[in-house]
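Reading through the structure tokens given below for one structure.
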Amino acid sequence: MANVKSRGAKATAYGVAGLLAAAALAGCGSDSKDDSGAAAKPSGETGKSPSQVVQATNRNTTDAGSARVKITTSVSAEGQSRTVTGSGVMDFEGGESKLTMEQSGQRLEQRVVDGMIYQKPPKGQGGLPGGKSWMKIDIEKLRTSGAAGNGQVSDPTDSFAYSRALSGKDVKKVGTENLGGVETTHYKVGLDIDKLAKGDAAQAKKLREQLGETVPVDLWIDGKGLTRRQQIEMTAQPAGGAKESGSANQGKAKVVMDFSDFGTDVDVDTPAAGDTVDVTDKVVKQAGRQQQQS
């Protein structure tokens with residue numbers, strides 16, 4: 004039983020990291036293309052309350068259209084740790100994105116276009132059927148199956164909904180910080196579990212069992228109300244597991260995202276049909292097994 008719970012801890016930590024990575028990616032912000040010019044004033048100087056600034060950042064960043072993004076996702080469970088870094092571009096309005104992710108020296112390319120996720124696995128991990136280069140995953144099938152954000156596949160288009168889950172309660176203004184030459188105001192807030200679950204009572208219950216009533220979020224917002232950095236750090240508990248602090252069943256996840264060059268062009272090409280293999284059903288089945296373990 005201990006091994007089952009341990010596997011559940013890892014699955015939970017990795018799955019939550021994937022979910023929240025997607026949430027942070029499209030839920031964060033944008034700014035003008037000129038990051039090297041006059042720095043924007045911290046958002047605390049706009050005359051709005053901290054709660055108003057935080058609640059407005061989703062719309063402000065969506066309206067900015069696009070941005071370059073850097074992401075670092077760190078997960079630890081069972082005494083093991085994993086860090087994945089990535090960078091690329093994201094269209095906040097159309098949902099298209101192009102990212103390059105690296106882990107332990109291995110590189111994976113991901114594109115989202117026309118409702119599909121395409122992933123090009125690292126070299127040396129075994130070839131795809133027929134010598135093809137790209138895996139293809141249907142986003143809508145992921146959503147309806149509940150597999151979206153399972154840790155293996157992060158769907159940036161879903162994250163718009165997650166970004167609207169920022170709570171307006173207990174917003175704390177920490178102070179001002181300069182990020183890459185841009186003055187920002189640092190806020191602490193949380194994701195509202197009910198909003199995060201989008202009305203799914205069963206999902207909300209499971210998230211509360213794993214994460215508690217809220218998911219803590221740190222935001223760095225510039226003078227235009229646009230998020231420059233978002234950080235999510237949590238301890239995830241497998242559903243039904245013991246709640247003791249420091250339990251071996253717990254997994255920890257941290258997602259940090261930085262945004263720049265807002266309004267940049269996002270040009271994402273669809274891989275050739277003859278060079279792709281559809282793995283949607285396989286991903287859905289793997290996610291189902293992962294959820295059973297947790």
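No gaps in the numbering here: position 54 of the sequence shown is 57 in this note's numbering, and each next residue is one more.
Using N, Cα and C, we set each Cβ at its ideal position, and we do this for glycine too.
Can you find the residues in the same chain that come closer than 6 Å, C-beta to C-beta, to residue i, ignoring five residues on each side of it along the sequence?
{"i": "residue 102", "result": "89, 91, 113"}
{"i": "residue 37", "result": "Note that residue 37 scores a pLDDT of 42, beneath 50, so its modelled location is shaky; the value from the coordinates is reported in the next line. If we look at residue 37 and ignore the five residues flanking it on each side, it has no Cβ neighbours."}
{"i": "residue 238", "result": "253, 255"}
{"i": "residue 261", "result": "73, 232"}
{"i": "residue 144", "result": "283"}
{"i": "residue 131", "result": "280"}
With DSSP run on the structure shown, which of helix, strand or coil describes residue i?
{"i": "residue 226", "result": "coil"}
{"i": "residue 52", "result": "coil"}
{"i": "residue 253", "result": "coil"}
{"i": "residue 37", "result": "For residue 37, the predicted structure reports a pLDDT of 42, less than 50, and the residue's modelled location is therefore unreliable. A value from the coordinates is still provided. Coil, per DSSP."}
{"i": "residue 126", "result": "coil"}
{"i": "residue 2", "result": "Missing from the structure shown is residue 2; the chain here goes from 4 to 297 and no further."}
{"i": "residue 185", "result": "strand"}
{"i": "residue 47", "result": "Here residue 47 scores only 47 on pLDDT, less than 50, and its place in the model is too uncertain to base an answer on."}
{"i": "residue 30", "result": "For residue 30, the predicted structure reports a pLDDT of 39, less than 50, and the residue's modelled location is therefore unreliable. A value from the coordinates is still provided. If DSSP states are grouped into helix, strand and coil, residue 30 belongs with the helices."}
Of the choices the options, whose alpha-carbon is the least far from that of residue i?
{"i": "residue 232", "options": "238, 62, 221", "result": "221"}
{"i": "residue 215", "options": "70, 197, 202, 104", "result": "197"}
{"i": "residue 173", "options": "77, 188, 192", "result": "192"}
{"i": "residue 74", "options": "257, 225, 131", "result": "257"}
{"i": "residue 61", "options": "96, 52, 81", "result": "96"}
{"i": "residue 287", "options": "148, 104, 85", "result": "148"}
{"i": "residue 85", "options": "275, 104, 230", "result": "104"}
{"i": "residue 217", "options": "225, 208, 184, 66", "result": "208"}
{"i": "residue 142", "options": "99, 175, 110", "result": "99"}
{"i": "residue 184", "options": "225, 204, 146", "result": "225"}
Going by the DSSP bridge assignment, what does residue i pair with across the sheet?
{"i": "residue 262", "result": "72"}
{"i": "residue 313", "result": "Any property of residue 313 remains undetermined from this structure, which presents the chain solely from 4 to 297."}
{"i": "residue 234", "result": "221, 259"}
{"i": "residue 239", "result": "254"}
{"i": "residue 80", "result": "83, 254"}
{"i": "residue 1", "result": "In the structure displayed, the chain extends from 4 to 297; residue 1 sits before or after that span and is not available."}
{"i": "residue 139", "result": "121, 281"}
Note the first and the last residue of the continuous beta strand (DSSP E) segment covering residue i.
{"i": "residue 123", "result": "119 to 123"}
{"i": "residue 147", "result": "Looking at the DSSP string, residue 147 is not in any beta strand (DSSP E); the run it does join, the alpha helix (DSSP H), is 142 to 148."}
{"i": "residue 105", "result": "100 to 106"}
{"i": "residue 88", "result": "83 to 94"}
{"i": "residue 281", "result": "279 to 281"}
{"i": "residue 131", "result": "That residue, residue 131, is in no beta strand (DSSP E); it is neither H nor E in DSSP."}
{"i": "residue 111", "result": "109 to 116"}
Let's see if you can read the secondary structure: which residues bound the alpha helix (DSSP H) around residue i?
{"i": "residue 199", "result": "196 to 199"}
{"i": "residue 212", "result": "204 to 214"}
Closer than 8 Å by C-beta to residue i: which residues in its own chain qualify, once you throw out the five before and the five after it? Chain order, please.
{"i": "residue 133", "result": "280"}
{"i": "residue 125", "result": "109, 110, 111"}
Residues in its own chain within less than 7 Å of residue i by CB, not counting five upstream and five downstream?
{"i": "residue 59", "result": "228"}
{"i": "residue 117", "result": "273"}
{"i": "residue 135", "result": "278, 279, 280"}
{"i": "residue 35", "result": "Per-residue confidence for residue 35 stands at a pLDDT of 40, beneath the threshold of 50, marking its modelled position as unreliable; no derived number is given."}
{"i": "residue 176", "result": "47, 53, 188, 190"}
{"i": "residue 236", "result": "219, 257"}
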